[in-house]
Amino acid sequence: MGSLRRARLLPTVVLSALLGAGCSESSGAGKNPPRARLQLPARAFVGQVLVFDGSASTAPDRRLLRYRWRFGDGAPDLETASPQTRHRYDRMGDFIVCLWVIDPQGLSNQRCEVLAVRFAPDSGIPDGPPDLLAPDQLPDAGPDLGDGGVDGGDAAVDAGDAGVEADADAGDAGGDAADGGADGALDASDAAQDVTPDITPDVGVDAATDLGVDAATDLGVDATTDASLGACLATVTGGSGAGGYNRTFPADPCLIDVSAFGSKLNITKDDQGTLTLLPFSFSYFGVAKSAVGVSSNGYLQFPGAPLQLTANVPSPLPNATAPNNVVAAFWDNLAPLGATTNIYLATLRQTPNRVFVVQWEDWSFLGLPAGTRLRFTVRLFETSNVIELSYLVLDGGNRAKGSQASVGIENATGTLGIQHSLQMPALTAGQTVRFTPL
Numbered sequence: 013m014g015s016l017r018r019a020r021l022l023p024t025v026v027l028s029a030l031l032g033a034g035c036s037e038s039s040g041a042g043k044n045p046p047r048a049r050l051q052l053p054a055r056a057f058v059g060q061v062l063v064f065d066g067s068a069s070t071a072p073d074r075r076l077l078r079y080r081w082r083f084g085d086g087a088p089d090l091e092t093a094s095p096q097t098r099h100r101y102d103r104m105g106d107f108i109v110c111l112w113v114i115d116p117q118g119l120s121n122q123r124c125e126v127l128a129v130r131f132a133p134d135s136g137i138p139d140g141p142p143d144l145l146a147p148d149q150l151p152d153a154g155p156d157l158g159d160g161g162v163d164g165g166d167a168a169v170d171a172g173d174a175g176v177e178a179d180a181d182a183g184d185a186g187g188d189a190a191d192g193g194a195d196g197a198l199d200a201s202d203a204a205q206d207v208t209p210d211i212t213p214d215v216g217v218d219a220a221t222d223l224g225v226d227a228a229t230d231l232g233v234d235a236t237t238d239a240s241l242g243a244c245l246a247t248v249t250g251g252s253g254a255g256g257y258n259r260t261f262p263a264d265p266c267l268i269d270v271s272a273f274g275s276k277l278n279i280t281k282d283d284q285g286t287l288t289l290l291p292f293s294f295s296y297f298g299v300a301k302s303a304v305g306v307s308s309n310g311y312l313q314f315p316g317a318p319l320q321l322t323a324n325v326p327s328p329l330p331n332a333t334a335p336n337n338v339v340a341a342f343w344d345n346l347a348p349l350g351a352t353t354n355i356y357l358a359t360l361r362q363t364p365n366r367v368f369v370v371q372w373e374d375w376s377f378l379g380l381p382a383g384t385r386l387r388f389t390v391r392l393f394e395t396s397n398v399i400e401l402s403y404l405v406l407d408g409g410n411r412a413k414g415s416q417a418s419v420g421i422e423n424a425t426g427t428l429g430i431q432h433s434l435q436m437p438a439l440t441a442g443q444t445v446r447f448t449p450l
């Protein structure tokens, strides 16, 4: 397991840029701005409720402060009257956490630090990828602070404060650079895992933005609140998958589009992937899983084999060639279609019959006409461990029907699996393929 380090401060150059852009204070004779101080948890694990402390922040004359928090994972900014707040991360990554303190006159000061969130040592999931900071993780230069906000045009930067804080923290930043590769270390108990070589920087960068909700909780959509979902998602039965799977085609397929209420995974580019936490334990080929990798190229991959989430050349299933342990809904060299391209997550129904949905929304292929459009989902069923592949939109000729894709499932060693189709136009819009574990 990679080393768990104390939350570290941003390098001097990055921190100075952040303070210069976002730590603005209103100018004016006799006005003394507040100063933000931010204390992060010493260690942070996925799924853990973490406490963030800004109580060391100060204001002249002990004036009442407001606190605005940004956690770096895409969750909405939070404004509180208390100097402490709590937040939970549902995925691994390095997140830029920022605190703004605002006084009654509208003067503000900002403090940003980097928090390394990892899987707990006993989770059985390896650390990785190594520390990466993305430009799109940096906080906006001028957050909307409401009526008490700062007008960037009239504000002056507290350059002295920026320099002092940056210099004081430079040692920490430099020290962390030396051990930056340590986060890619593997848990010896998970022998075959190797995240770092196979995941491109885009994985660590874009994975750390904008899930919006905790994947480990329901989204509030269940059979009791939505009759159509209740009728569609009939309770199914199944085993652990240790004895293999049966493939069937439900007569009344469940075509649920979760893009209207699901959370964005923010996979929007070519050849991207990320590891995300499952909302429940799911057995795949007889092995319990608590997380799953999501690839922009139309497949899921469970830990237990070297994670490779950017493979864009589909192979037969099963096949010993990596990636293994995959659920291939539409494994092909997919590419973003446009601004609406994304991957959505949703959890439907209630325990013990929850359904975890991953939906690829508005994907296409490199170099193909604009009329090509794909929308498809993978559904994982709690308790029964059933897997369903559902195809909502397949526009664009034979390529959109799977003429170059691989569709099916396989185990961690690539020795067992079911090939539904391989490089043939066998898919149709409105179709659902079900894999029931034995």
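Numbering (our numbering), first residue to last: 13 to 450.
Just so it is clear, CB atoms sit at the ideal spot from N, CA and C, and this is done for glycine as well.
Below 8 Å, how does it come out for the stretch 418 to 432 and the stretch 289 to 301: are there three or more Cβ pairs, yes or no? yes
On the three-state DSSP scale, how would you describe K413? helix
Let me confirm a value: F447 is counted as buried when at least 16 other C-beta atoms fall within 10 Å, else exposed. Which label applies? It counts as buried.
Using the Cα positions of L380 and A272, report the straight-line distance between them to the nearest angstrom. 27 Å
Secondary structure at P72, three-state DSSP: helix, strand or coil? helix
May I have the straight-line CA-CA distance separating N397 from G350, to the nearest angstrom? 34 Å
Residue range of the beta strand (DSSP E) that E394 falls in? Careful: E394 lies outside any beta strand (DSSP E) and carries neither H nor E.
What does the alpha-carbon distance come out to for the pair N331 and D269? 31 Å
Got a sec? Which residues, its chain only, sit under 7 Å from V61 by beta carbon, not counting five neighbours each side? The answer, listed in chain order, is R98, R100.
Per DSSP, which one or two residues make a beta bridge with Y101? Paired residues: none, contrary to the question.
Compare the beta carbon distance of S376 and R385 with 8 Å and say whether it is the shorter of the two. yes
Checking the sheet assignment: what are the DSSP bridge partners for F64? DSSP lists T97 as partners of F64.
To the nearest angstrom, report how far apart S307 and P53 are at their CA atoms. 31 Å
Which residues in the same chain as T444 place their Cβ atom closer than 8 Å to its Cβ, once the five residues preceding and following it in sequence are excluded? F261, P262, P265, C266, L267, E400, L401, S402, Y403
From P133 to V58, what distance separates their C-alpha atoms? So the two alpha carbons sit approximately 11 Å from each other.
Classify A41 as buried or exposed, calling it buried when 16 or more other Cβ atoms lie within 10 Å of its own Cβ. Its pLDDT being 38, under 50, A41 is placed unreliably by the model, and the measurement read from it follows with that caveat. Using a 10 angstroms sphere on the CB of A41, the tally of other CB atoms stays under 16, which defines it as exposed.
DSSP on P46, reduced to helix/strand/coil? coil
Here's the rule I'm using: 16 or more other beta-carbon atoms within 10 Å means buried, otherwise exposed. How should G255 be labelled? Classification for G255: exposed.
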